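Asks: Taken in sequence, the protein lines are chains V and Y. For what it's worth, our numbering labels the leading residue of the first sequence as 126, then goes sequentially. For what it's worth, our numbering labels the leading residue of the second sequence as 24, then goes sequentially. Even glycine gets a Cβ: it sits at the ideal position worked out from N, Cα and C. Bear in mind that the values here come from a model prediction, so they are computed numbers and not experimental data.
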Amino acid sequence: MAEGRALASGMAEGVLLVLREPLSFWGGMDPVTGEVVDAHHPQRGEVLSGRVVAMPSGRGSSSASSVLAEAIRTGTAPAALVLGEPDPIVALGSVVASELYGSACPVVVLDDAAYDLLRTGDRLRVTADEHGARVDMLA
Amino acid sequence: MDVRLDDRDRELLDGAHGEAGSLAMRILVRMARAQGAAGLRDVTRAHIDGCLYHGRAGLDFARRMVDGGGRVAVPTTLNVASLDLLHPERYRGDPETARHARSLMDAYVELGCRPTWTCAPYQLPEARPALGEHVAWAESNAIVFANSVLGARTDRYGDFLDICAAITGRVPEAGLHLDEHRRGEIMFRVEGIGSGLLGDPVLYPLVGHVVGRASGSRVPVLVGLPGDASEDDLKALGAAAASSGSVALFHAVGLTPEAPTLDEALGGRPPLREETIGPERLRAAREELTTSRGERLTGVSLGTPHFSVEEFRGLLEALEGGRIHPDVECYVSTGRDVLAEVESRGWLAPIEAAGVRIVTDTCTYVTPIMPPGGVVMTNSGKWAYYAPGNLGIATVFGSLEECVRSALAGRVTVDEELWRG
Chain V
126 MAEGRALASG
136 MAEGVLLVLR
146 EPLSFWGGMD
156 PVTGEVVDAH
166 HPQRGEVLSG
176 RVVAMPSGRG
186 SSSASSVLAE
196 AIRTGTAPAA
206 LVLGEPDPIV
216 ALGSVVASEL
226 YGSACPVVVL
236 DDAAYDLLRT
246 GDRLRVTADE
256 HGARVDMLA
Chain Y
24 MDVRLDDRDR
34 ELLDGAHGEA
44 GSLAMRILVR
54 MARAQGAAGL
64 RDVTRAHIDG
74 CLYHGRAGLD
84 FARRMVDGGG
94 RVAVPTTLNV
104 ASLDLLHPER
114 YRGDPETARH
124 ARSLMDAYVE
134 LGCRPTWTCA
144 PYQLPEARPA
154 LGEHVAWAES
164 NAIVFANSVL
174 GARTDRYGDF
184 LDICAAITGR
194 VPEAGLHLDE
204 HRRGEIMFRV
214 EGIGSGLLGD
224 PVLYPLVGHV
234 VGRASGSRVP
244 VLVGLPGDAS
254 EDDLKALGAA
264 AASSGSVALF
274 HAVGLTPEAP
284 TLDEALGGRP
294 PLREETIGPE
304 RLRAAREELT
314 TSRGERLTGV
324 SLGTPHFSVE
334 EFRGLLEALE
344 GGRIHPDVEC
354 YVSTGRDVLA
364 EVESRGWLAP
374 IEAAGVRIVT
384 DTCTYVTPIM
394 PPGGVVMTNS
404 GKWAYYAPGN
414 LGIATVFGSL
424 EECVRSALAG
434 RVTVDEELWR
444 G
């Protein structure tokens, strides 16, 4: 469906949730429940666990890496992250979790045209390694 | 094309300097690749955010570094942690979390970091980087301050990468270390603001909130701020912009070192977009940062980012010898070094006698100190932004004078005159 850039490696499948605004995992997601808790976010209350989560960019705090790594450790993290702009802080949380626990949450960046085609509810497979990234629609 | 490494980088990667160095370099190389960096570059200092406890993953990582023989290679300061070591009775969280949080703090000190425990390392004279100096700072308000107000160069580092940089003295040659990413992109004209708001420090967190929302991760350029804006004003602006958006660098023409003129701030190119910030947008920002209506007040929180010596002077003046209302918990978060200076000036005793509670080493919005369910007033855009989600506390945003007047009165007290202009 679309080729992108890999920020963190891994492969995952899941149902897509497109976040309309950027979310900082720190202060924005509860790592115990996987729920969006940012009071200013229009999708507060959505649960990110196990979903492929798309957001236009990362946002805010540099503690976001820790919260994502912790969520990956406890199993409440998104299955994969698809970004509209590269965000090193988000990618780092996934890279560290794979070093510590061997479990990865692929993080990929799509260009605007491909990102704009993403729709909540689509079932996707995200594949990312050193050579590149792919996002495929599953039937 | 893969990331260019020098001989020492390769030695680190191959484990010649121990397992911690190898892990740090492995992560740096992966991040450099993710950022499309050509290579790595030296940094002279680091500031670590990873000492704040968010769960086992952070502790597992720090312990892995300690067990792998890790030691910082450059002078390194520590950000706020989850505990106030000088006032441990303030902590209302669960004891097991406190134990892990303490282990995390100890691990970073074992790695050779200085136990500064402040989110405002720029308030420590010996930790301030110079114009053009490349550093690896984490903590979003410190990052935006270093880049914007000091003209030092740090990218947006977060937990983990900060200590990898400190251990190796290296960072990806990317992001805000490079000239091409430091040019202003979106222009904001602050205009039409009445003299009341224009002359009050409350202007800056509101402007920051608006700019953060409208800039995302672009570099904003501000025109029209008062020429006498202080470092504390710019601190508040940056912290708010790094909360409502991902701003890691802003230029304020005539105020910040890389913006002597508009043309230089923009790097000789036209802006992508121009916006105006007038009184309506500031009032809207104040509304966004206020989640409680009415007069009910249970607390006041000042010092996010950590209160400076000058801000303590302002607080002492605003208190005017009054006493905090018994139904209100009034907290000021600050660094232990600033607190020592405030104490030596003889200001701490009257402030504490007025009923103000000091928090050091941590901050009231990252750890359970204030009880949930309350209504808390603050002059910090950052605190107001995060408190509802982090703490389950409703917020009222206001100026320092409004906060202090409300704390004394025991109810939200608004200066209508201020908000007219």
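DSSP on V323 (chain Y), reduced to helix/strand/coil?
Replies: For this step, residue 323 (chain Y) is matched to residue 300 along the second sequence. Strand, per DSSP.
Asks: Threshold first: 3 residues or longer. Then list the beta strand (DSSP E) segments lying entirely within the stretch 187-234 of chain Y, N to C.
Replies: As far as the stretch 187-234 of chain Y is concerned, its whole beta strand (DSSP E) runs of at least 3 residues are 193-195, 209-213.
Asks: Would you kindly check if the distance between the Cβ of V230 (chain Y) and the Cβ of L272 (chain Y) is under 8 Å?
Replies: For this step, residue 272 (chain Y) is matched to residue 249 along the second sequence. For this step, residue 230 (chain Y) is matched to residue 207 along the second sequence. No, the pair does not count as a contact, with Cβ atoms beyond the cut-off.
Asks: Between the C-alpha atoms of L173 (chain Y) and A153 (chain Y), what's the straight-line distance to the nearest angstrom?
Replies: On the second sequence, residue 173 (chain Y) is found 150 positions in, with the first residue counted as 1. On the second sequence, residue 153 (chain Y) is found 130 positions in, with the first residue counted as 1. Answer to the nearest angstrom: the Cα atoms are 7 Å apart.
Asks: For T385 (chain Y), is the classification buried or exposed, using 16 other Cβ atoms within 10 angstroms of its Cβ as the cut-off for buried?
Replies: Translated into positions along the second sequence, residue 385 (chain Y) becomes position 362. T385 (chain Y) is buried by the Cβ-count criterion.
Asks: Specify, as a first and last residue, the run of the alpha helix (DSSP H) that I416 (chain Y) falls within.
Replies: As a position in the second sequence, residue 416 (chain Y) is number 393, starting the count at 1. Unbroken run through I416 (chain Y): none, as it is neither H nor E.
Asks: Taking A372 (chain Y) as the reference, which of Y:Y388, Y:P394, Y:R346 has the closest Cα?
Replies: As a first step, residue 372 (chain Y) is located in the second sequence; it is residue number 349 there, counting from the start. Per the Cα distances, Y:R346.
Asks: Rounding to the nearest angstrom, what Cα-Cα distance links L141 (chain V) and S190 (chain V) in this structure?
Replies: Translated into the one-based positions of the first sequence, residue 141 (chain V) becomes position 16. Translated into the one-based positions of the first sequence, residue 190 (chain V) becomes position 65. C-alpha separation (whole angstroms): 21 Å.
Asks: What are the uninterrupted segments assigned as alpha helix (DSSP H) that are 4 or more residues long and contained completely in the stretch 334-388 of chain Y, given in chain order?
Replies: 359-367, 371-376
Asks: Can you pull the chain Y residues whose beta carbon is under 8 Å from the beta carbon of V192 (chain V), in chain order?
Replies: Taking the first sequence and counting its residues from 1, one reaches residue 192 (chain V) at position 67. Correct list: H77, G78.
Asks: Can a CB atom of chain Y be found closer than 8 Å to the CB of R259 (chain V)?
Replies: Along the first sequence, one-based indexing puts residue 259 (chain V) at 134. Chain Y, which has no Cβ nearer than 8 Å to the Cβ of R259 (chain V), makes this no.
Asks: Using DSSP's beta-bridge definition, name the partner residues of G62 (chain Y).
Replies: One-based indexing of the second sequence puts residue 62 (chain Y) at position 39. According to DSSP, which records beta bridges pairwise, G62 (chain Y) is partnered with Y:R27.
Asks: Measure from the alpha carbon of A165 (chain Y) to the alpha carbon of each residue in Y:T141, Y:D438, Y:D350, then state which is nearest.
Replies: Here residue 165 (chain Y) refers to the residue found at position 142 of the second sequence. The option with the nearest alpha carbon to A165 (chain Y) is Y:T141.
Asks: Quick check on F273 (chain Y) - is its C-beta less than 8 Å from some C-beta in chain V?
Replies: For the purposes of this step, residue 273 (chain Y) is identified with residue 250 of the second sequence, where counting begins at 1. No, no contact with chain V.
Asks: Just to confirm, are G155 (chain Y) and R179 (chain Y) a CB contact at a threshold of 8 Å?
Replies: Taking the second sequence and counting its residues from 1, the one referred to as residue 155 (chain Y) is at position 132. Taking the second sequence and counting its residues from 1, the one referred to as residue 179 (chain Y) is at position 156. No, Cβ-Cβ distance for G155 (chain Y) and R179 (chain Y) is not below 8 Å.
Asks: Indicate, with yes or no, if the ligand SAH has a heavy atom lying under 7 Å from the CB of Y240 (chain V).
Replies: No copy of the ligand SAH appears in this structure; indeed no ligand is present at all.
Asks: Would you verify that the beta carbon of S188 (chain V) is, or is not, closer than 8 Å to some beta carbon of chain Y?
Replies: Position 63 of the first sequence, counted from the first residue, corresponds to residue 188 (chain V). Using a Cβ-Cβ cut-off of 8 Å, S188 (chain V) counts as an interface residue toward chain Y, since at least one Cβ of chain Y sits closer than that to its own.
Asks: How close, in whole Å, do the beta carbons of H329 (chain Y) and A430 (chain Y) come, if the pair is a contact with beta carbons under 8 Å?
Replies: Here residue 329 (chain Y) refers to the residue found at position 306 when the second sequence is read from its first residue. Here residue 430 (chain Y) refers to the residue found at position 407 when the second sequence is read from its first residue. Under the criterion of beta carbons closer than 8 Å, H329 (chain Y) and A430 (chain Y) do not qualify as touching, at roughly 19 Å.
Asks: For G59 (chain Y), does the count of other Cβ atoms within 10 angstroms reach 16, so buried, or fall short, so exposed?
Replies: Locating residue 59 (chain Y) in the second sequence gives position 36, where the first residue counts as 1. By the 10 Å Cβ count, G59 (chain Y) comes out exposed.
Asks: Do you know how far the Cα of E34 (chain Y) is from the Cα of S45 (chain Y)?
Replies: Looking up residue 45 (chain Y) in the second sequence gives position 22. Looking up residue 34 (chain Y) in the second sequence gives position 11. Each residue's alpha carbon lies about 8 Å from the other.
Asks: Check the Cβ-Cβ distances between G152 (chain V) and every residue of chain Y, and say whether any is below 8 Å.
Replies: Here residue 152 (chain V) refers to the residue found at position 27 when the first sequence is read from its first residue. It does; some Cβ of chain Y falls within 8 Å.
Asks: Under 8 Å, Cβ to Cβ, is there at least one residue of chain V near R53 (chain Y)?
Replies: The count along the second sequence starts at 1 and reaches residue 53 (chain Y) at position 30. Interface residue, yes.
Asks: Just to confirm, are S269 (chain Y) and S228 (chain V) a CB contact at a threshold of 8 Å?
Replies: Counting from one through the second sequence, the residue named residue 269 (chain Y) turns up at place 246. Counting from one through the first sequence, the residue named residue 228 (chain V) turns up at place 103. Contact flag unset, no.
Asks: Just verifying my parser: in three-state terms, what is the DSSP assignment at L285 (chain Y)?
Replies: Looking up residue 285 (chain Y) in the second sequence gives position 262. If DSSP states are grouped into helix, strand and coil, L285 (chain Y) belongs with the helices.
Asks: Select from the stretch 223-248 of chain V all residues with a C-beta closer than 7 Å to any C-beta belonging to chain Y, and list them in chain order.
Replies: E224, L225
Asks: Compare the Cα-Cα distances from L338 (chain Y) to each of Y:E425, Y:H110, Y:E440, Y:L199 and report the closest residue.
Replies: The sequence position of residue 338 (chain Y) within the second sequence is 315, counting from 1. Here the closest residue by C-alpha is Y:E425.
Asks: Just the Cα atoms here: how many angstroms apart are H70 (chain Y) and L101 (chain Y)?
Replies: Position 47 of the second sequence, counted from the start, is the residue given in the question as residue 70 (chain Y). Position 78 of the second sequence, counted from the start, is the residue given in the question as residue 101 (chain Y). Each residue's alpha carbon lies about 6 Å from the other.
Asks: Would you report the Cα separation of G159 (chain V) and A202 (chain V), rounded to the nearest angstrom?
Replies: Taking the first residue of the first sequence as position 1, residue 159 (chain V) is located at position 34. Taking the first residue of the first sequence as position 1, residue 202 (chain V) is located at position 77. Cα to Cα, the separation comes out at about 6 Å.
Asks: From E364 (chain Y) to I381 (chain Y), what distance separates their C-alpha atoms?
Replies: Position 341 of the second sequence, counting from 1, holds the residue named residue 364 (chain Y). Position 358 of the second sequence, counting from 1, holds the residue named residue 381 (chain Y). Those two C-alpha atoms are separated by around 14 Å.
Asks: Hey, out of Y:A161, Y:V427, Y:D202, Y:R113, whose CA is closest to E340 (chain Y)'s CA?
Replies: Within the second sequence, residue 340 (chain Y) is the residue found at index 317, counting from 1. The candidate whose alpha carbon is nearest that of E340 (chain Y) is Y:V427.
Asks: Any beta carbon of chain V sitting closer than 8 Å to that of L36 (chain Y)?
Replies: What you label residue 36 (chain Y) is simply residue 13 of the second sequence in a count that begins at 1. Residue-level contact by beta carbon fails for L36 (chain Y) and chain V, as no gap is shorter than 8 Å.
Asks: What span of residues does the beta strand (DSSP E) with E298 (chain Y) cover, start to end?
Replies: Stepping through the second sequence from its first residue, residue 298 (chain Y) is reached at position 275. Looking at the DSSP string, the run of the beta strand (DSSP E) that includes E298 (chain Y) is 296-300.
Asks: Who are H157 (chain Y)'s beta bridge partners in DSSP?
Replies: Residue mapping note: residue 157 (chain Y) aligns to position 134 of the second sequence, counting from 1. In the DSSP output, where bridge partners are listed per residue, H157 (chain Y) has Y:R176.
Asks: Taking only runs that begin and end inside the stretch 91-147 of chain Y, name each unbroken alpha helix (DSSP H) of 4 or more residues, in chain order.
Replies: The qualifying runs are 118-133.
Asks: Contact defined as beta carbons within less than 8 Å: I believe T418 (chain Y) pairs with L312 (chain Y). What is the distance between those atoms, to the nearest angstrom?
Replies: On the second sequence, residue 418 (chain Y) is found 395 positions in, with the first residue counted as 1. On the second sequence, residue 312 (chain Y) is found 289 positions in, with the first residue counted as 1. Taking 8 Å as the upper bound for CB-CB distance, T418 (chain Y) and L312 (chain Y) are in contact here, some 6 Å apart.
Asks: Hey, how far is the Cα of E112 (chain Y) from the Cα of P394 (chain Y)?
Replies: Residue 112 (chain Y) sits at position 89 when you count from the first residue of the second sequence. Residue 394 (chain Y) sits at position 371 when you count from the first residue of the second sequence. Straight-line Cα distance between these residues: approximately 14 Å.
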